[in-house]
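What follows is a single structure, written as structure tokens, with notes after it.
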Amino acid sequence: MPIFVTPNLDTKFRIVIIFGEPTQELGLIAGRVANGAGGINEGSMVSVVRALASQRSSSDDGSPPGVVLANMSQTYFWPQEKRAITVLASSFLPLPSLLHKGVRHVPALNDIPGNEDPVQHVKYIFGEVLCSMANDKALLDVIAIGDSCEIVEKFLDDQEAWDAWGKRLNSMTMLGPVCEAEGLANAPFKDFMAKRARGYLVCPEPLGTPLAPPEGNSELSIPPLGFPCFSSSEPMHAETILIRARSHILSHIQEVAMDLGYENPAITPVDCPPPAMTEQHWEDLPEEDKPEVSKLDPAEFKAQVKQAKRWRKFQETGKAPDTDSESESKV
């Protein structure tokens, strides 16, 4: 399984670890940006790594921090090509014939030892990559996106993991988090989150607008996430939070890195009344963000139903049906 690591990681006294979404290819932030107007640099971790290269490791160390890009998605091994691919990509592998329903997942062939899924991969990054490649005195800044937020939180909530890594955590930034702090059991970890972690939420308010303290904000339906939350200015997609709020996020972790005694200041959430939707809002919405609505010719729909019945019958019996007598309600 590939991961991206900056050279000379063992010489770095500050390391930024980024856990991307479990649905995205390694190094990709958002395909909708990488394949669009933003281009590959804006839609991938290229822009993030370049920005981190201009930061200081600490107030006493002017060298840039090391970077580790975890591979939360490519946990499926493709034996024929001898490489890791995403679970989604495994659904589109070439089949021997049109009659084959799909590729069976065989753990002995398709699982990557120690990286069978995103949960195991987080353990691998901490337990194998950092232990073998990083300076054992390096402080860690953790950034997690989407579903990876909950995975990372639950890993660090474990007492054994916290005992090993808690003293080295410098900051934690959660992008699009949903895991409520009430589900966590480790009091020292929860205290760390309240003091040195923060979240950025999908929200159209200006970038950096305070939305909720660690206790949450019922007015905005934000549960108690355990850390202060701010607007990313991204109104729709959690995957593009890092693109929209990149400068704000990286400036914050730099600020924390420069002050070992940093603690989150108390915040007062602003009132954010929901905007009234108008026809103009719909007109201004990009075409790719509008729901797709299509019509289907009744005759074509009937033909598709008939074909679906035939396929189901073939799958059940191995024989093509002679008639279409099955009820359409079973399709």
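One rule links them: number in my numbering = place in the sequence shown (from 1) + 1415.
Quick reminder that beta carbons are idealized off the backbone N, C-alpha and C, glycines included.
Nothing here was measured: the structure is a model prediction, and the numbers come from that model.
Counting only residues of its own chain and dropping the five nearest sequence neighbours on each side, residue 1617 has a CB closer than 8 Å to the CB of 1591, 1647, 1649, 1650, 1651, 1652, 1653, 1656. Under the DSSP assignment, residue 1714 falls outside any beta strand (DSSP E), being part of the alpha helix (DSSP H) whose first and last residues are 1713-1732. With a threshold of 16 other beta carbon atoms within 10 Å, residue 1510 falls short and is exposed. Between residue 1565 and residue 1487, the beta carbon gap of about 12 Å keeps them out of contact (Cβ cut-off 8 Å). Looking at the backbone, the Cα of residue 1724 and that of residue 1693 are separated by about 44 Å. Under DSSP, residue 1644 forms a beta bridge with 1614, 1627. Taking the CA atoms as reference points, residue 1489 sits about 26 Å from residue 1550. The Cβ atoms of residue 1424 and residue 1587 lie no closer than 8 Å to each other.
A straight line joining the alpha-carbon of residue 1717 with that of residue 1726 spans about 14 Å. By the Cβ-count criterion, residue 1507 is exposed, with fewer than 16 other Cβ atoms from all chains shown falling within 10 Å of its own Cβ. In the displayed model, residue 1541 falls within a helix according to three-state DSSP. Per DSSP, the beta-bridge partners of residue 1498 are 1493. When the five nearest sequence neighbours on each side are left out, the beta carbons in the same chain lying within less than 6 Å of the beta carbon of residue 1729 are those of 1735, in order along the chain. Unbroken beta strand (DSSP E) runs of no fewer than 3 residues, entirely contained in the stretch 1528-1572, are found at 1554-1560, following chain order. Fewer than three pairs of CB atoms, one per stretch, sit closer than 8 Å, so the stretch 1512-1531 makes no contact with the stretch 1447-1464.
Residue nearest to residue 1597 within the set 1627, 1640, 1697, 1561 is 1640 (criterion: CA-CA distance). Straight across, the Cα-Cα distance linking residue 1645 with residue 1611 is about 14 Å. Counting along the chain, the unbroken alpha helix (DSSP H) around residue 1666 starts and ends at 1661-1672. The beta carbon of residue 1468 sits closer than 7 Å to those of 1479, all from its chain and outside the five residues before and after it, given in chain order. Residue burial is scored here from C-beta neighbours: residue 1662 has fewer than 16 other C-beta atoms within 10 angstroms and is therefore classed as exposed. As DSSP reads the structure, residue 1443 sits in a beta bridge with 1459. For residue 1484 against residue 1541, the beta-carbon gap comes to about 14 Å, at or over 8 Å, which does not count as contact. With a beta-carbon spacing of about 17 Å, residue 1482 and residue 1537 fall beyond the 8 Å limit used to define contacts.
Boundaries of the beta strand (DSSP E) around residue 1585: 1584-1590. Counting C-beta atoms within 10 angstroms of its own C-beta, residue 1706 has fewer than 16 neighbours from the protein chains shown and is therefore classed as exposed.
In this structure, residue 1601 lies away from residue 1580, with their beta-carbon atoms at least 8 Å apart.
Approximately 17 Å separates the beta-carbon atoms of residue 1570 and residue 1614; this is outside 8 Å, ruling out the contact.
DSSP lists no beta-bridge partner residue for residue 1682. Annotation: residue 1456 to residue 1664 spans about 18 Å, alpha carbon to alpha carbon.
In the three-state reduction of the DSSP assignment, residue 1428 falls in the coil class, being assigned neither a helical nor a strand state.
Using a Cβ distance threshold of 8 Å, residue 1441 and residue 1458 do not count as a contacting pair.
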